[in-house]
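As they're listed, the protein sequences go chains S and E.
At position 88 of the first sequence (counting the first as 1) the number is 90 in my numbering, and the numbers step up by one without a gap.
At position 116 of the second sequence (counting the first as 1) the number is 119 in my numbering, and the numbers step up by one without a gap.
Each residue gets a CB set at the ideal place from its N, CA and C atoms; glycine is no exception.
Model, not experiment: these values are computed from the prediction.
Notes follow once the structure below has been shown.
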Amino acid sequence: MPAGAWVVPFAVGEGSLRERDRREEASGTQDPTSRGLMAERSLGRIDDTLLVREAQRGNRVAFEELVRHYDQAVLRLAMHLTGSEHEAQDIYQEAFLKAYKSVANFRFECSFYTWIYRIVTNLCLDHLRKKQVRKEEAPVATDPTGEQYDVLEQVPDGRSGANPERDLMRRELAGRIGRALEKLTPRERMVFELRHYHGLKLRTVGEVLNTTEETAKNTLFRATQKLRGALADMR
Amino acid sequence: MKCEWVKENILLYVYNELPDDARYELEQHLARCSDCTAELKSARKFNALLSELPVEEPSPNLVAASRMRLQEALETTQQGGFWQRLVFDPGAWLRQVRFAPALAAAIFIVGFACGIGATYKVVTSGGGVSSVTSGAASHPAESSVTGIQSISQEPGSNQVTIKYDTVSTQEAQGSLNDERIQQLLLFAARNNYNSGVRMDSVDLLTQQPNDTHVREALIGALRYDSNPGVRLKALDGLGAYVKSDPRVRDALLEALMSDSNPGVRTEALHLLEPVRADSSVRAVLQRLAEKDQNQYIKEQARTLLSQLPEFD
């Protein structure tokens, strides 16, 4: 079958979906952002298998389409873990390049979603480990630790509105939580991130981290215990 | 003891990760135990506290910049898999061999049904169906659902994946001698859910019972079809071969002994008359004559036996 023959249906499918989204937005019957996201996500699931097969044949456009299905989630995760847009972007770049190089070896033994998360979490774990080593070597280093939450400080919190005092308290709180999270081991941090902040089920967390659901569960327990200890005075 | 168990599981309860029975048990306990209720409250509060560290959505600028940077890098990157695919990989080859029977079955079904196999995914949001798009968008919209294969929920979201088969109607015309028509008829006789269609195909097949495939299909219909009308039709087609083909005789005997429908049994009994002297037929007749629950069959068996020459 000629490689080009597969590309047409994607374009058609996407076009018609986006077209419908636009109509719904115009008629005002749906929340446009959530609706658009929905369509994008559903499209992602539907086309994944075909897109992966196309990407495996070397079709770069198909791969880029796959990237678009997952890249926001990848950035979200990497940003929350590293606390830095810059580092998140590096992880993003490395993860998708790695995926591109090895997509031919993807055997559909798990979902593409799990596979891509596996690559990203491995990179994030490496990143966390490196950061921990850096911290151990120079416990009073100001630069790396000072840099970690700059994103939070730069991004205005929409919830606080025009109340600067509350805003400040929130930031302080977020900073303390962030520091407590940093005290976890990279694996505990990762399990906690995926379950608590990104809503993955423990079964999926286990799959992504190449371990069992039971181990993921125990790691979550340990992480929560440690966090409770670290934030005891705030409860 | 009970409180200890609850305390161990309260975190999973908060994260909605407890299986239904454990959750029920825990809720029952919570209704009676104020200590554990306080524990749950505290766990929920702590959970909410941790959520004070917001998960920021990446800004559109960041997404766009990341995409552009990646695209540039992709242009100069070679996929690693190309040469690997040319090299013989025994592992991959074994995997393929392992799936060979499944693949053969899949090709068989696709070949016969001319359209089954396109897997569709339905994604629901908030309980309602939000969009349905075919796996290959070029498939016709008039395709209809024939069966649901699996339903699964994407963990951590409200997205549901439903795999279902669809069929698009196609037409085949030709003479009864046409091989393709025969194959479709054989397929219909074995696999169709509609007993009317099975009846028609068996009826047409009985016109050519010389073909061994056809005869096998008729025997199959007689043995396994759930519809007595179809079984009767198959019996009619097979009747003429009771003498020449021992498989046909055995199938008829089986129908006579164990078919749930008295009409089918009676017909089988009549058709077996020409071979009533065979020892296997005789044995069955004797058993029927002695203790069959159906009075008519009992009498008929007796009559047939009495017509047989006595053995020592």
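Apart from the 5 residues on each side of it in sequence, S/A101 sits with its Cβ closer than 7 Å to the Cβ of I118, I121 in its chain, given in chain order. In this structure, E/V163 places its C-beta atom within 9 Å of the C-beta atom of E/S155. DSSP, reduced to helix, strand and coil, places E/T209 outside both helices and strands of the structure shown, so it counts as coil. Nearest to S/S104 by alpha-carbon distance, out of S/A57, S/E167, S/T116, S/V207, is S/A57. For S/G201, the nearest beta carbon of chain E is closer than 9 Å to its own beta carbon. Here the alpha carbon of S/L186 sits roughly 50 Å from the alpha carbon of E/T169.
Only residues of its own chain outside the window of five on either side were considered, and among them A192, A224, V233, K236, A237 have a CB closer than 6 Å to the CB of E/V205, listed in chain order.
Positions of the alpha helix (DSSP H) runs, each at least 4 residues long and wholly inside the segment 7-59 of chain E, are given as 23-35, 37-53 in order along the chain. Residues of the segment 41-65 of chain E that bring their beta carbon within less than 9 Å of a beta carbon in chain S comprise S45, A46, K48, F49, N50, L52, L53, S54, E55, L56, P57, V58, E59, E60, P61, S62, L65, in sequence order. Across the segment 18-42 of chain E, CB contacts with chain S closer than 8 Å involve Y18, E20, in sequence order along the chain.
Beta-bridge analysis with DSSP links E/T164 to E/S155. Secondary structure of E/S178 (DSSP, three-state): coil.
In this structure, E/A304 places its C-beta atom within 9 Å of the C-beta atom of E/A292. Bounds of the alpha helix (DSSP H) holding E/Q74 are 63-78. Checking the DSSP bridge columns, you'll see E/G150 partnered with E/D168.
In this structure, DSSP gives E/V113 a helical state, which the three-state scheme calls helix. Against chain E, the CB of S/G60 has a partner CB under 9 Å away; the residue lies at that interface. Assignment of S/R59 by DSSP, reduced to helix, strand and coil, places it in the coil class. Using beta-carbon distances, S/G180 counts as an interface residue toward chain E, with a partner under 9 Å. Annotation: the segment 53-140 of chain S contains the following complete segments of the alpha helix (DSSP H) (minimum length 4 residues), in chain order: 62-84, 87-104, 114-139. Excluding sequence positions up to five before and after S/E215, its CB lies within less than 6 Å of the CB of L204, R205, G208, all in the same chain and listed in chain order. In the structure shown, S/H200 falls within a coil segment according to DSSP collapsed to helix, strand and coil. At least one CB atom of chain S sits nearer than 9 Å to the CB of E/A76.
For the pair E/K166 and E/Q152, the Cα-to-Cα distance works out to about 5 Å.
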